[in-house]
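For the sequence shown, position 20 matches number 23 in our numbering, and the numbering has no gaps at all. Each residue gets a CB set at the ideal place from its N, CA and C atoms; glycine is no exception.
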Amino acid sequence: MTELNTTETAPGRTPAGSDAVAPPADAVAPPASPPVPKDRRKLFAALRWTAAVLVFATVGAGVTYGITRVERTDVPGLSTKDDGRWKYPALVKPELPAGAALPFAEDNPEGIHYAGLNQLLLPAPAGATPDSTLKLEKDEAVPVDTFLEEYQAGEREKLKASLVNGGLRQIAGRGWTTPDGTRTRIYLLRFHGSGFVDAFKGCTISTGLANASVLEADPVWSEVKRSQRNDLGSDGSASGPSWRSAHDVTLYQEAKPTGDEQVRFGCVQSGDVQALVLQTRKGQAPVVPLHQTVILQSQLLG
Numbered sequence: 004m005t006e007l008n009t010t011e012t013a014p015g016r017t018p019a020g021s022d023a024v025a026p027p028a029d030a031v032a033p034p035a036s037p038p039v040p041k042d043r044r045k046l047f048a049a050l051r052w053t054a055a056v057l058v059f060a061t062v063g064a065g066v067t068y069g070i071t072r073v074e075r076t077d078v079p080g081l082s083t084k085d086d087g088r089w090k091y092p093a094l095v096k097p098e099l100p101a102g103a104a105l106p107f108a109e110d111n112p113e114g115i116h117y118a119g120l121n122q123l124l125l126p127a128p129a130g131a132t133p134d135s136t137l138k139l140e141k142d143e144a145v146p147v148d149t150f151l152e153e154y155q156a157g158e159r160e161k162l163k164a165s166l167v168n169g170g171l172r173q174i175a176g177r178g179w180t181t182p183d184g185t186r187t188r189i190y191l192l193r194f195h196g197s198g199f200v201d202a203f204k205g206c207t208i209s210t211g212l213a214n215a216s217v218l219e220a221d222p223v224w225s226e227v228k229r230s231q232r233n234d235l236g237s238d239g240s241a242s243g244p245s246w247r248s249a250h251d252v253t254l255y256q257e258a259k260p261t262g263d264e265q266v267r268f269g270c271v272q273s274g275d276v277q278a279l280v281l282q283t284r285k286g287q288a289p290v291v292p293l294h295q296t297v298i299l300q301s302q303l304l305g
């Protein structure tokens, strides 16, 4: 995959110990709060556990994969036959170059990802059709100008300059459409370091997307995440990088009125990689698949 710059980061030492990680602990029930509307109550039940997975999955080394294979009847709040989740294949951690450290390992605290960027892309779920309109090069590389088509025309030149001059190394992408008509696109942007990821301006609530000029915070995600933070308390007793430091995750949705399609937008900062997840569907885009997709993509970057 062609890089914008030739500077490479020296590989770290081989990580010690096993990659396996014990499954995350059961989430603590959120504190009592005023009654919520019936439809939102049902949605919170379906999302509470998946939000807890994100909290626990990045504490310590390794990656948690339980959300793809655990039976619904074994998970609190996910006992129904169809809770809106897609069926993803089991996640497989990519091979690393000899001597390279895992991201966020003790000898790689900056979270540098040494695996091929396209190997870090989440695979499509069962029944999905590849997005033939997404212009990809060898190894699923995405030209900068192709990536910038996701933004409003007036935003592109400024954003392009910030990418070219702001440490961008390469972009990889993958897209698909599920039978319900939801279109998903995932982009991974690899920078020369986490500081450049922090400076990236293309994943904020003020981002001008081509198909969603006004964004707002995803209310369901924000409320569930806030509840989990309250239940878990501070990170002080956790070993290894906390979920806040290892993965900065934010979710947005297109503000009403949405027009013919609704856009949902997820962002994951993980060391030297910025992930963007875009989902659109005619009418209303479903909530659960975006949350599930963002969580799984975050785990692959883990």
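Each of Leu139, Ala164, Ile174, Thr181 was checked against the Cα of Ala131, and the nearest Cα belongs to Thr181. Annotation: Ala129 to Lys259 spans about 31 Å, alpha carbon to alpha carbon.
Here the alpha carbon of Ser209 sits roughly 41 Å from the alpha carbon of Ala101. Of the other Cβ atoms in all chains shown, 16 or more fall within 10 Å of the Cβ of Ser230; this residue is therefore buried.
In the DSSP assignment, Lys285 falls within the unbroken beta strand (DSSP E) covering 276-285.
For the 8 Å CB-CB criterion, Leu212 and Gln155 form a contact. For Ala144 and Thr261, the gap between their C-alpha atoms comes out near 31 Å. Remark: C-beta atoms of Leu137 and Leu191 do not approach each other more closely than 8 Å. At a Cβ-Cβ threshold of 8 Å, Leu293 and Ser273 do not count as neighbours. In this structure, Arg188 places its C-beta atom within 8 Å of the C-beta atom of Leu281. The beta-carbon distance between Leu299 and Phe268, rounded to whole angstroms, is 16 Å. This is too long to meet the 8 Å contact definition.
Here His250 is near Ser301, since their CB atoms are less than 8 Å apart. Asp251: member of the beta strand (DSSP E) spanning 251-257, first to last residue. Collapsing the DSSP output to three states places Ile115 in coil. In the DSSP assignment, Ile298 falls within the alpha helix (DSSP H) that extends over 290-303.
Taking 8 Å as the upper bound for CB-CB distance, Arg172 and Arg193 are in contact here, some 5 Å apart. For the pair Ile115 and Ala104, the Cα-to-Cα distance works out to about 8 Å. Looking from the CA of Glu113, the closest CA among Gly176, Val276, Gly286, Val290 belongs to Val276. Pro133 sits in a strand when the DSSP states are folded into three classes.
Of the residues assessed, Thr207 falls on the exposed side of the cut-off, its CB having fewer than 16 other CB atoms within 10 angstroms. Per DSSP, reduced to three states, the secondary structure at Trp224 is helical.
Uninterrupted alpha helix (DSSP H) stretches at least 4 residues long and entirely within the segment 154-227 occur at 156-167, 197-202, given in chain order.
According to the DSSP secondary-structure assignment, Ala144 is paired through a beta bridge with Ala175. The criterion of a C-beta distance shorter than 8 Å is satisfied by Asp86 and Val291.
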